[in-house]
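Novice: Just so you know, we're using this note's numbering here: the sequence shown kicks off at 11 and counts up by one.
We put the beta carbon where it would ideally sit given N, CA and C, even for glycine.
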Amino acid sequence: MLKYLVFIMVYFNTSLLFANDVIDHIGHLLTGMYELETWVDGDVSYKYPDVAGTLSITNGQIGFTLDNRINKTKTVKVIAWGDYHFSDDTFHYQYSDWKVLIVSDGEERVNDTSPWEGYRTYDLKLEEGVLLLSANNGNQTWRLDEANLIYTDREWGEDKRFAQRIWKRISK
Numbered sequence: 011m012l013k014y015l016v017f018i019m020v021y022f023n024t025s026l027l028f029a030n031d032v033i034d035h036i037g038h039l040l041t042g043m044y045e046l047e048t049w050v051d052g053d054v055s056y057k058y059p060d061v062a063g064t065l066s067i068t069n070g071q072i073g074f075t076l077d078n079r080i081n082k083t084k085t086v087k088v089i090a091w092g093d094y095h096f097s098d099d100t101f102h103y104q105y106s107d108w109k110v111l112i113v114s115d116g117e118e119r120v121n122d123t124s125p126w127e128g129y130r131t132y133d134l135k136l137e138e139g140v141l142l143l144s145a146n147n148g149n150q151t152w153r154l155d156e157a158n159l160i161y162t163d164r165e166w167g168e169d170k171r172f173a174q175r176i177w178k179r180i181s182k
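In structure tokens form, the structure reads like this:
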């Protein structure tokens, strides 16, 4: 009986340590500062100076900036921040503050309405050192490793076209 109890205690403690290691590894891959490297809309790919941006995910806070000058007659600047939380199988984030400045033909328009209400929820999977997030039947995905965060949306925007954003990790 004593051997059985010792086995159960060792197994339980080992399982908890493994679970904590998984959460720590997920947090390590998720947390960081990122620079927008490539912006893909459909079949067209853009880089700096047409697009520039930063993404910060750290200590439960998420922040995002974007300077989109793809259309030479219209500039779109976005600043957003909010919060996130995760477990070993889900990731949730929301932008509680969202600001968009659109400058077109010398006129400025401001929009402070977030593109969605509440949290976005993703299924989370850790596979061979790569963090995979998936939502909306797999149409929206994040793929994070030591070098990059790659966001893909197979049905982005009103016309439901392919979109991909490649973010280079700039934090160590």
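Going by the CB atoms, is the gap between E45 and K182 shorter than 7 Å?
Specialist: no
Novice: Helix, strand or coil for G70, going by three-state DSSP, please let me know.
Specialist: coil
Novice: Which one or two residues does DSSP pair with E45 in a beta bridge?
Specialist: Bridge partners of E45: T64 and K178.
Novice: What does a CB cutoff of less than 6 Å around K84 pick up in its chain, not counting 5 residues either side in sequence?
Specialist: S114
Novice: Nearest-angstrom Cα distance between L65 and D31?
Specialist: Their backbone Cα atoms lie some 25 Å apart in a straight line.
Novice: Under the rule that 16 or more other beta-carbon atoms within 10 Å means buried, what is I72, buried or exposed?
Specialist: buried
Novice: When the Cα atoms are used, what is the spatial distance from F96 to T151?
Specialist: 15 Å
Novice: Under a Cβ-count criterion, where at least 16 other Cβ atoms within 10 Å of its own Cβ denotes burial, should G63 be classed as buried or exposed?
Specialist: buried
Novice: Since D107 sits in a beta bridge, which residues does DSSP pair it with?
Specialist: W91
Novice: Do E165 and N149 have their C-beta atoms closer together than 7 Å?
Specialist: yes
Novice: Does the separation of the CB atoms of S124 and Y105 fall below 7 Å?
Specialist: yes
Novice: Regarding L143 and the ligand GTP, is the C-beta to nearest heavy atom distance less than 6 Å?
Specialist: Judged by which ligands are present, the structure shown has none, so any question about the ligand GTP falls away.
Novice: Taking C-alpha atoms, which residue in R171, K170 and R175 lies nearest to T162?
Specialist: R175
Novice: Please list the segments of the beta strand (DSSP E) lying wholly inside the region 97-180, counting only runs of 3 or more residues, in order along the chain.
Specialist: 100-114, 117-121, 130-137, 140-145, 150-154, 158-166 and 171-179
Novice: Please report the Cβ distance between L76 and T100, rounded to the nearest whole angstrom; I am assuming they are in contact, meaning their Cβ atoms lie under 8 Å.
Specialist: Contact flag wrong, Cβ pair sits at about 26 Å.
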